[in-house]
Structures are given as structure tokens and as C-alpha cells.
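Notes to accompany the following structure.
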Amino acid sequence: MTLTLTLPRPDDWHLHLRDGAVLKAVLPETARHFARAIIMPNLVPPVVSAADAAAYRDRILDALPEKMAFTPLMTLYLTEDSDPEDVTSAHASGLVTAVKLYPAGATTNSASGVRDFTRVRGVLEKMAEIGLPLCVHGEVTDAEIDIFDREAVFIDRVLDPLRRATPGLRVVMEHITTSDGVAYVKSAAENLGATITTHHLVINRNHILVGGIRPHYYCLPVAKREEHRLALREAATSGDPRFFLGTDSAPHTDPNKETACGCAGCFTATNTLSILAEVFEQDGALDRLAGFVSEHGPRFYGLPVNEDTITLSKGDPVTYPEKIDTGNGPITLFDPQMPLHWRVT
Ligand code: DOR
Ligand code: ZN
């Protein structure tokens, strides 16, 4: 039996596109299915100013194949030197949709991130005033905190105090990986949402470590115990509008993953929708897929739901290439280790 499912065209509320040859290779993988995406600013050097964001947006649009439509929603990388006036004018002109907070040292290219949160108070207050959301990489970086506890500790030590100090600020907890993250979002009265990645709905930490180290399942925040994956599944498939898709599709070429100190990131742009349809079907929640991938994100960001639609159909298992080629080397596609029956038609 073939089933079909038509949804408003989805958006990706957390995406890494990189630059140059990799940008050119990965952009069509997202633009094929998604109308818009929040573009992460952790390039080297990072996208800090409005001028940086405008130049990066132009490079993305230049890299887009002619027949594809796609709107990059730009972000600024918050540093201790970010200028509230620059942030305000970037927002007022429609250039940026959010500001991204990386605690310094938390992840890939986060060295310019924030160490002393008192130094960004002025920008955060301005953002609260003008309604510009803050996207947060929610992990502490203290060496003495176990990597599996870094999200929960961040909520207590950084995020909750920051939100209490700036109550009007709209915050997205990016790529939550724990039941603590889910519970915190549910406990908040307003102004707080969370993205959930495709891969964190599928893998737990055993997938990374059992039977040998599997570098293509290593990302940050790192996948946690099974009970946390189940909490994320429940949140994503619940229909609660505070949870929405941010794939965190994060391409790194194979030599940079398959090495003694490999980069963090799972590349999921190509097969995300097939995987999510399978996941939502497994959980008896296919009727809630549209909310998670197409409706809750725009609602949080105050943007319209896309008028265009996509159709998924269920049939024989779909196969995807193991890797995509870029001018800089191959990038391995996330393997969900289960047959996928839904394809975008
Ligand atoms: O796994 C990740 N990869 N997590 C991040 O926070 C950054 C990203 C990247 O840029 O590669
Ligand atoms: Zn990311």
C-alpha cells in the first residue's frame, strides 16, 4: 500500500552550510526539501557583523543552483565585543533573524564565543527590546564538568540566570539532547523554544561507542543515554509547539571525521525528512510531523508558514548515497541504521 503525506514545505531552524566548495555541495541537499533555514555563523572567521552576514548571505545565494528557491535566514555570532547598534540595524533591515551564542570553546569554531556573560548584557537587553531571538548552544565548557552533564549544568548555571536577568528575551535552546532540556523548556512560561535534531531522535551514546568508535555519529552536544533519546522523541512527536526541527546538519569531510581527533557533526540534510517520517510513523504521530517540521518554527520566529507544499510517499525502502562529493573531499551522510520507506516525491 502506498501512503502519501502532504505538508507545508518544511524549514530547518539550525543548519551549517560552511563556505566555498562545501557550501556549493551541501546547499542543494537542503534547498531540495526546505524553504528556509537558520544559518549558523561559525565560519572561520565567524560571521560577527551585519556586513559579514550580508556578504555570507550573498555567497549562499550565489551558490544556489538556478532552479532552486531557498531563503537563508542569517544569524550573527555573539562575541564579547558585539555592538548593540550593529545588531539592532542588522535586525531592522531584515538581514538577520537571530543571534547565536556559543560559550567559548564549546564546539566547532567557538573560540570567539562568550566567556564572561556580563559582557554581553547590553546586547541581550537590546535584543529583548527589539524582539530578536537568541539561539543558544547550551553546554558549559568547564573542564571539570563531565561532557554528558554539560547541558544540564548549563541550564542551571547559565541559561536560567540569563533568562531571569533578561525576561523579555526570546531564546531557542538549540539541539537539546537531554530530558533536562525537555523539562526546562516545558517549565518555562514563555519566550523559550527548543530545536531537536534528526540524529538525536535516532541515536544514543551506544551508537558512537559500541563495537568500535563511529566518528560519523559524534556531534556536539554528544548523544546521551537511551532515556534521553526517548524524552526527545516524546517532545518532538507530542505536538507541543515549543519543539521544532533544527537538523544541525554539520558537514565535515571524511578525513576530518575519521582521524585521531575528529570533528563534531552529523550530516543529515539529504535524508532528514525520510528519517523523520519513519520516526513519527513508528511513534504513531505522522499527523504531528507537519507541526514539527513546518509549523512550530515559523510560529516561534513570528514568520508565516510556507504556502508551498511537499509530498512524502511511502513505498519500498529508499536508498541514499553513502557520501556526497565536494571539491574538498567526501562527506558521509548520516546512516540511521534502519530501512527508510518515505521519500519526498
Ligand atoms: O556537532 C556539531 N557540529 N555541533 C556544533 O555545535 C557545531 C557543529 C559544527 O559546526 O560542525
Ligand atoms: Zn550547530
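The opening position of the sequence shown corresponds to residue 645 in our numbering, with each subsequent residue numbered one higher.
Quick reminder that beta carbons are idealized off the backbone N, C-alpha and C, glycines included.
Host beta strand (DSSP E) of residue i (start-end)
i	result
residue 901	Taken as a continuous stretch (DSSP letters only), residue 901 belongs to no beta strand (DSSP E), being part of the alpha helix (DSSP H) at 898–901.
residue 718	715–721
residue 804	Here residue 804 belongs to no beta strand (DSSP E); instead the alpha helix (DSSP H) covers 804–809.
residue 649	647–652
residue 988	986–988
residue 680	680–683
residue 655	Counting along the chain, residue 655 falls outside any beta strand (DSSP E), and DSSP gives it neither H nor E.
residue 856	It is not in any beta strand (DSSP E) - residue 856 carries neither H nor E in the DSSP assignment.
residue 839	836–840
C-alpha gap between residue i and residue j, whole angstroms
i	j	result
residue 972	residue 704	17 Å
residue 944	residue 814	9 Å
residue 822	residue 672	31 Å
residue 843	residue 818	14 Å
residue 706	residue 699	11 Å
residue 714	residue 889	17 Å
residue 855	residue 725	45 Å
residue 596	residue 987	Examination of residue 596 is not possible in this model, given that the chain is present from 645 through 989 alone.
residue 722	residue 757	7 Å
residue 921	residue 957	10 Å
residue 913	residue 898	16 Å
residue 919	residue 926	11 Å
residue 903	residue 976	14 Å
residue 778	residue 653	24 Å
residue 979	residue 771	38 Å
residue 893	residue 806	27 Å
residue 792	residue 862	13 Å
residue 776	residue 959	42 Å
residue 797	residue 648	43 Å
Any non-hydrogen atom of ligand 1 closer than 7 Å to residue i Cβ
i	result
residue 972	no
residue 935	no
residue 864	yes
residue 905	no
residue 843	no
residue 851	no
residue 896	yes
residue 848	no
residue 751	yes
residue 900	no
residue 909	yes
residue 940	no
residue 686	yes
residue 991	In the structure as shown, the chain starts at 645 and stops at 989, and residue 991 therefore has no counterpart that could be examined.
residue 677	no
residue 781	yes
Residue range of the unbroken alpha helix (DSSP H) whose run includes residue i
i	result
residue 852	849–853
residue 674	664–675
Pocket of ligand 2 (residues with CB nearer than 6 Å to any heavy atom), chain order: Going down the chain, each residue whose beta-carbon is closer than 6 Å to a heavy atom of ligand 2 shows up: 658, 660, 684, 892, 894.
Segments assigned beta strand (DSSP E), at least 3 residues, entirely inside the stretch 708–769: Counting only runs of 3 or more, we get 715–721, 740–745.
Segments assigned alpha helix (DSSP H), at least 4 residues, entirely inside the stretch 877–935: Correct list: 898–901, 916–926.
Residue ranges of each beta strand (DSSP E) within the stretch 770–833, 3 or longer: As far as the stretch 770–833 is concerned, its whole beta strand (DSSP E) runs of at least 3 residues are 778–780, 815–817.
Those runs of the beta strand (DSSP E) which lie wholly inside the stretch 929–976 and span at least 3 residues: Taking only runs of at least 3 residues, the beta strand (DSSP E) segments lying wholly in the stretch 929–976 are 953–958.
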